[in-house]
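**Q** In this note's numbering, the protein residues as written are 46 to 599.
Beta carbons are placed, not taken as given, at the ideal position from N, Cα and C, and that holds for glycine.
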Amino acid sequence: MRNIFTVVKVMAFLTIFLCLVFGTIGSCEVTKTNQWPNRSVIVQLFEWKWLDIAEECERFLGPKGYGGVQTSPASENLIIHLNDGQRPWYERYQVISYKLKTRSGDANDFLNMTTRCNRVGVRIYVDVVFNHMTGDHEANAGTAGSTANFSTFSYPAVPYKKKHFHHPVCDINNYDNATEVRDCQLVGLKDLNQTMPLVRQKIVEYLNKLINLGVAGFRVDAAKHMWPEDLKPIYDSLNNLNIQHGFDQNARPYIYQEVAHGGAVKPSDYKDIGDVTEFFVVSEMFNVFNGHKPLKNLKSWGSPSLGMLPSENALVFVDNHDTQRNTGGLNYKTARNYKVATAFLLAHSYGQPRIMSSYHFDRNDQGPPNDRNEDIQPPLINEDGSCEGGWVCEHRWPSIYKMVNFRNAVRDTKVENWWDNGNNQIAFSRGIKGFIVFNTEGKKLDRIFQTGLPSGKYCDIISGQRQGQICSGTTINVSNTGLASIKLSGIGDELHLAIHIGEEVGQMSRTVGLAQMVCERSRYSDLGRAKGLKRSQDFTEVLGGFESVFPIPN
Numbered sequence: 046m047r048n049i050f051t052v053v054k055v056m057a058f059l060t061i062f063l064c065l066v067f068g069t070i071g072s073c074e075v076t077k078t079n080q081w082p083n084r085s086v087i088v089q090l091f092e093w094k095w096l097d098i099a100e101e102c103e104r105f106l107g108p109k110g111y112g113g114v115q116t117s118p119a120s121e122n123l124i125i126h127l128n129d130g131q132r133p134w135y136e137r138y139q140v141i142s143y144k145l146k147t148r149s150g151d152a153n154d155f156l157n158m159t160t161r162c163n164r165v166g167v168r169i170y171v172d173v174v175f176n177h178m179t180g181d182h183e184a185n186a187g188t189a190g191s192t193a194n195f196s197t198f199s200y201p202a203v204p205y206k207k208k209h210f211h212h213p214v215c216d217i218n219n220y221d222n223a224t225e226v227r228d229c230q231l232v233g234l235k236d237l238n239q240t241m242p243l244v245r246q247k248i249v250e251y252l253n254k255l256i257n258l259g260v261a262g263f264r265v266d267a268a269k270h271m272w273p274e275d276l277k278p279i280y281d282s283l284n285n286l287n288i289q290h291g292f293d294q295n296a297r298p299y300i301y302q303e304v305a306h307g308g309a310v311k312p313s314d315y316k317d318i319g320d321v322t323e324f325f326v327v328s329e330m331f332n333v334f335n336g337h338k339p340l341k342n343l344k345s346w347g348s349p350s351l352g353m354l355p356s357e358n359a360l361v362f363v364d365n366h367d368t369q370r371n372t373g374g375l376n377y378k379t380a381r382n383y384k385v386a387t388a389f390l391l392a393h394s395y396g397q398p399r400i401m402s403s404y405h406f407d408r409n410d411q412g413p414p415n416d417r418n419e420d421i422q423p424p425l426i427n428e429d430g431s432c433e434g435g436w437v438c439e440h441r442w443p444s445i446y447k448m449v450n451f452r453n454a455v456r457d458t459k460v461e462n463w464w465d466n467g468n469n470q471i472a473f474s475r476g477i478k479g480f481i482v483f484n485t486e487g488k489k490l491d492r493i494f495q496t497g498l499p500s501g502k503y504c505d506i507i508s509g510q511r512q513g514q515i516c517s518g519t520t521i522n523v524s525n526t527g528l529a530s531i532k533l534s535g536i537g538d539e540l541h542l543a544i545h546i547g548e549e550v551g552q553m554s555r556t557v558g559l560a561q562m563v564c565e566r567s568r569y570s571d572l573g574r575a576k577g578l579k580r581s582q583d584f585t586e587v588l589g590g591f592e593s594v595f596p597i598p599n
């Protein structure tokens with residue numbers, strides 16, 4: 046046994062050495078999302094404070110393999126009070142200036158977040174709002190102290206004046222009219238004219254400020270309400286990402302744009318200038334996992350015949366802050382079905398996945414947990430890893446973060462070995478790296494499957510976890526031909542089962558993830574891109590860490 050451990054350690058040593066010496070090779074490849082190798086999932090930490098995100102990156106997101114965080118808007122917003130004195134979540138989407146001060150924190154807090162998150166392999170994507178400014182309100186003070194005159198379209202802290210907005214003023218009523226959708230006001234929000242040089246300049250300055258602070262990209266709010274030909278020059282004018290935060294030379298910001306289906310403006314209109322949110326996923330996940338359509342329909346998931354965007358252009362999600370409140374789709378309140386739908390989203394190869402992390406709400410306009418001073422309160426973490434203090438933290442649910450690991454393990458493989466019973470029992474493999482089964486039929490599934498996996502004993506990550514050389518849940522035996530006998534009741538919470546390489550019972554964890562982590566860490570020292578360790582220090586530190594994770598037994 047000692048010899049086996051020694052060989053594995055030497056192999057890992059060589060992989061690490063090659064990455065450190067030769068830089069970005071093979072397994073060190075960087076994707077357009079600018080994430081660390083073998084990471085792919087973004088989590089939307091809705092209304093979290095910057096310093097709380099930083100801490101979550103270090104204590105949970107980085108260790109669990111999450112690739113990035115989508116933050117709430119960072120630009121100064123109008124302070125809005127409802128009749129009961131509470132502040133709604135949507136005030137963050139009513140911009141009064143591009144100063145970096147909100148209830149989530151200021152510029153110093155923001156830099157603290159990006160620095161700490163980037164160091165542990167979690168990239169930051171900011172929700173940016175530049176389709177519009179505010180609506181009309183009695184109050185006119187912002188979170189950084191800026192003011193505006195709504196009647197004269199004056200926002201001196203930018204500065205914007207009346208001429209920088211679309212005129213004559215109109216509201217969107219007819220979504221079959223593309224000009225109206227893009228040049229009129231969305232729910233009364235003052236609509237910026239992105240053809241104006243000053244407007245473009247100020248937007249670019251704001252986004253470049255965020256790039257300088259270490260972000261990896263942007264979610265563009267209300268992109269549907271702006272012309273693609275106006276957005277492209279804005280995107281093209283952005284700086285490359287900041288190499289001081291470990292990004293590659295000439296790395297470009299990852300951009301995904303909010304464009305819902307319906308009306309004259311199509312999501313496909315925007316796919317050539319950035320990725321696009323695929324809202325069809327939201328409605329279809331609701332229909333399928335709420336029993337309105339059979340699971341067998343998912344065989345064609347991602348197909349153009351469904352009217353879906355190409356996989357390479359799609360940002361996919363089960364819910365977001367809007368759909369939770371407006372569409373009646375799946376969310377944390379329907380946890381049983383929500384978990385299974387999220388598992389499918391993460392198991393399938395279609396699109397760039399983003400998952401939601403919420404706070405509890407009873408009213409659609411309810412803001413985040415806050416104290417008497419209106420300061421957002423941090424989530425309280427229980428011993429079992431769950432959240433309290435008004436926060437849901439779906440990203441901490443075991444069935445979700447384990448599927449994040451599944452997604453990472455099967456990356457760059459295709460959906461193969463599809464099986465269905467013609468109704469609500471389905472299964473498929475991801476190449477030779479993973480296999481998953483779903484059963485929402487309400488009756489037992491018991492059959493032999495072609496898993497596509499190498500022979501071995503695998504721990505089902507949904508019912509348990511591998512603890513040393515044993516599995517606390519169901520163990521699946523895969524034969525030399527890839528066959529496995531699998532049983533799944535389809536009752537209660539036993540609706541899916543997932544196995545993947547790296548979760549073999551009685552075997553060591555794979556070293557690829559560690560080696561790839563070092564490839565990314567080496568970029569800091571290799572190219573002088575951050576104030577971190579020198580190459581020799583980095584190398585020694587990582588090998589020491591490897592020794593602590595994989596000690597050679599006596």
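Given residue 410, which residues of its chain have a CB within under 6 Å of its CB, disregarding the five upstream and five downstream residues?
**A** Within the same chain, residue 410 has close Cβ partners 133.
**Q** State buried or exposed for residue 186, treating a residue as buried only when at least 16 other CB atoms are found within 10 Å of its CB.
**A** It is exposed - the Cβ of residue 186 has fewer than 16 other Cβ atoms within 10 Å.
**Q** Identify which residue in 289, 415, 140 and 200 has its Cα closest to the Cα of residue 156.
**A** Out of 289, 415, 140 and 200, 289 has the C-alpha closest to the C-alpha of residue 156.
**Q** Quick one: grab the DSSP three-state call for residue 134.
**A** Looking at residue 134 - three-state DSSP - the assignment turns out to be helix.
**Q** Could you compute how far the alpha carbon of residue 231 sits from the alpha carbon of residue 522?
**A** Their Cα atoms are separated by approximately 56 Å.
**Q** Please list, in chain order, all residues of the same chain as residue 62 whose beta carbon is under 6 Å from its beta carbon, the five residues on each side excluded.
**A** Here residue 62 scores only 47 on pLDDT, less than 50, and its place in the model is too uncertain to base an answer on.
**Q** What would DSSP say about residue 178, mapped onto helix, strand or coil?
**A** Residue 178 falls in the coil class under three-state DSSP.
**Q** Select from 77, 172 and 135 the residue whose C-alpha is nearest the C-alpha of residue 89.
**A** The residue with the shortest Cα to Cα distance from residue 89 is 172.
**Q** Thinking residue 398 and residue 441 are a contact (beta carbons under 8 Å), I'd like their distance in whole angstroms, please.
**A** Contact flag wrong, Cβ pair sits at about 17 Å.
**Q** Pick helix, strand or coil for residue 389, following the three-state DSSP scheme.
**A** Looking at residue 389 - three-state DSSP - the assignment turns out to be helix.
**Q** Using the rule of at least 16 other Cβ atoms within 10 Å of the residue's Cβ for burial, across every protein chain shown, is residue 472 buried or exposed?
**A** Buried.
**Q** Please classify residue 250 as buried or exposed, where buried requires at least 16 neighbouring CB atoms within 10 angstroms.
**A** So residue 250 counts as exposed.
**Q** Evaluate residue 386 with the Cβ neighbour count: other Cβ atoms within 10 Å of its Cβ, from every protein chain shown; 16 or more gives buried, anything less gives exposed.
**A** Buried, since its Cβ has 16 or more Cβ neighbours within 10 Å.
**Q** If you run the structure through DSSP and keep just helix, strand and coil, what is residue 398?
**A** In the structure shown, residue 398 sits in a strand (DSSP, three-state: E or B).
**Q** With 16 other CB atoms within 10 Å as the buried threshold, where does residue 400 fall?
**A** Classification of residue 400: buried, given that the 10 Å Cβ count is 16 or more.
**Q** Taking residue 462 as part of the beta strand (DSSP E), name the residues at either end of that continuous run.
**A** First-last of the beta strand (DSSP E) with residue 462: 460-465.
**Q** Expressed to the nearest angstrom, what Euclidean distance is found between the alpha-carbon atoms of residue 194 and residue 144?
**A** Answer to the nearest angstrom: the Cα atoms are 17 Å apart.
**Q** Between which two residues does the alpha helix (DSSP H) harbouring residue 444 extend?
**A** 443-454 is the span of the alpha helix (DSSP H), which, as asked, contains residue 444.
**Q** Could you compute how far the alpha carbon of residue 247 sits from the alpha carbon of residue 140?
**A** Distance between the alpha carbons of residue 247 and residue 140: 13 Å.
**Q** What do you get for residue 295, buried or exposed, if any count of 16 or more other CB atoms within 10 angstroms of its CB means buried?
**A** That one is exposed.
**Q** Are residue 383 and residue 363 touching if we call contact CB-CB under 9 Å?
**A** Yes. Within cutoff.
**Q** Given that a residue counts as buried once 16 or more other Cβ atoms are within 10 Å of its Cβ, and exposed if not, what is residue 93?
**A** The residue in question, residue 93, is buried, as its Cβ has 16 or more Cβ neighbours within 10 Å.
**Q** So what does DSSP say about residue 145, is it helix, strand or coil?
**A** It is coil, neither helix nor strand.
**Q** Mapping DSSP to helix, strand and coil, what is residue 300?
**A** Correct three-state label for residue 300: strand.
**Q** Could you tell me which whole beta strand (DSSP E) segments of length 3 or greater appear in the stretch 254-324?
**A** Listed in chain order, the complete beta strand (DSSP E) runs (minimum 3 residues) inside the stretch 254-324 are 262-265, 299-302 and 320-322.
**Q** Look at the alpha carbon of residue 301 and the alpha carbon of residue 357, and state the distance between them as a whole number of angstroms.
**A** One C-alpha to the other measures close to 11 Å.
**Q** Can you tell me which residues form a DSSP beta bridge with residue 203?
**A** Residue 203 is not bridged to any residue.
**Q** Inspect the CB distances between the stretch 448-467 and the stretch 310-323 and report whether three or more fall short of 8 Å.
**A** They do not touch, by the three-pair rule.
**Q** Can you pull the DSSP bridge partners for residue 79?
**A** Answer by DSSP bridge pairing: none, since residue 79 is not bridged.
**Q** Alpha carbon to alpha carbon, what distance is there between residue 209 and residue 198?
**A** One C-alpha to the other measures close to 9 Å.
**Q** Look at the Cβ atom of residue 327, then the Cβ atom of residue 394, and state whether they are nearer than 9 Å.
**A** Cβ atoms of residue 327 and residue 394: not closer than 9 Å.
**Q** Hey, how far is the Cα of residue 499 from the Cα of residue 470?
**A** Straight-line Cα distance between these residues: approximately 24 Å.
**Q** How many angstroms separate the CA atom of residue 80 from the CA atom of residue 176?
**A** Roughly 27 Å separates the two Cα atoms.
**Q** On the three-state DSSP scale, how would you describe residue 417?
**A** The answer is coil: DSSP assigns residue 417 none of H, G, I, E or B.
**Q** Grouping DSSP H, G and I as helix and E and B as strand, with all else coil, what is residue 188?
**A** DSSP places residue 188 in coil when its eight states are reduced to three.
**Q** Determine the closest residue to residue 539 out of 530, 505 and 206, with distance taken between C-alpha atoms.
**A** Comparing Cα positions, the closest option is 505.
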